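Residue numbers (my numbering), protein chains in the order written: chain A, 12 to 126; chain B, 1495 to 1607.
Right under this line is the structure:
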């Protein structure tokens, strides 16, 4: 199942700089997208989401951009902090369909923030 | 801040044995989910549960799996006869509605020997 893809398994960024994590999807029926952060031995923690009717959503240091025509979304973290080091998962769902509530996850990108 | 809890954190079992993984969702949530992550692979959806019945399940969720909400607070996943390939992290999640974000528990690591 390759409906959601994160092509970069890892990313290393200097503290204070911008981190950009990318995600592509193939299912045009997806209309809600989420980013989760995961530390070792913990469950995924919800970070930020975006509906397909928007192209940008911002929450503090985190901004998600959605390009529907390219079926691409990205998560920007500015400025990056050491505590941001984790695995980041992109997920998608078909929000408008009652019963079809499942999240489809990407493979994850391991972000390392270097001091 | 309310959170999803799961017990046990680690379960070791012999192949063919039954296991029950337990979850306490966030108290005012109505939708409950199980996902799993085999080591090195994606987080995969197993099942969603609403109004005391399964609302969606994946092809992974075969007759060996079942879910139950035995009381007002717990949500369980039972695997009747475990196989080696059931070894994974199992995550419970809950949400207040069908449309928005799901909140995940810390997971149960199931090891089948």
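The C-beta atom is built at its ideal place from N, Cα and C for all residues, glycine as well.
Keep in mind it's a predicted model, so treat the numbers as computed, not measured.
Over what stretch of residues does the beta strand (DSSP E) that includes residue i continue unbroken?
i, result
"residue 99 of chain A", "97-104"
"residue 19 of chain A", "Careful: residue 19 of chain A lies outside any beta strand (DSSP E) and carries neither H nor E."
"residue 1593 of chain B", "Per DSSP, residue 1593 of chain B belongs to no beta strand (DSSP E) and is neither H nor E."
"residue 1606 of chain B", "1602-1606"
"residue 1504 of chain B", "1504-1507"
"residue 1555 of chain B", "Careful: residue 1555 of chain B lies outside any beta strand (DSSP E) and carries neither H nor E."
"residue 70 of chain A", "67-70"
"residue 14 of chain A", "Unbroken run through residue 14 of chain A: none, as it is neither H nor E."
"residue 48 of chain A", "43-49"
Listing by chain order, which chain A residues have their CB less than 7 Å from the CB of residue i?
i, result
"residue 1596 of chain B", "114"
"residue 1588 of chain B", "By Cβ distance, chain A contributes nothing, its closest Cβ being about 11 Å from residue 1588 of chain B, past 7 Å."
Who are the neighbours of residue i on chain B, taking C-beta pairs under 9 Å?
i, result
"residue 19 of chain A", "Near residue 19 of chain A there are no residues of chain B at all, since even the closest Cβ is about 15 Å away, more than 9 Å."
"residue 100 of chain A", "1536 and 1537"
Does DSSP put residue i in a helix, in a strand, or in coil?
i, result
"residue 1579 of chain B", "helix"
Kindly list the residues whose CB is nearer than 6 Å to the CB of residue i, restricted to its own chain and excluding five residues on each side of it in sequence; keep chain order.
i, result
"residue 83 of chain A", "35"
"residue 1571 of chain B", "1515, 1528 and 1561"
Could you name the residues of chain B that residue i contacts, counting a contact when the two beta carbons are closer than 7 Å?
i, result
"residue 11 of chain A", "Only positions 12 to 126 of chain A appear in the structure, and residue 11 of chain A is not among them; the question remains open."
"residue 106 of chain A", "1593"
Just to make sure I have the definition right: I need the residues of chain B whose C-beta is within less than 8 Å of the C-beta of residue i. Which are they?
i, result
"residue 117 of chain A", "1536"
Determine the chain A residues that contact residue i at a beta-carbon separation under 8 Å, and present them in chain order.
i, result
"residue 1600 of chain B", "52, 53 and 54"
- Identify each residue in the region 1553-1582 of chain B for which the Cβ-Cβ distance to at least one residue of chain A is less than 7 Å, and report them in chain order. none
May I ask you to list, following chain order, the residues of the region 47-66 of chain A that have a beta carbon less than 8 Å from some beta carbon of chain B? 47, 52, 53, 54, 55, 56, 57 and 60
Check each residue of the region 1504-1531 of chain B: if its Cβ is closer than 9 Å to any Cβ of chain A, include it; give the result in chain order. 1525, 1527, 1529 and 1531
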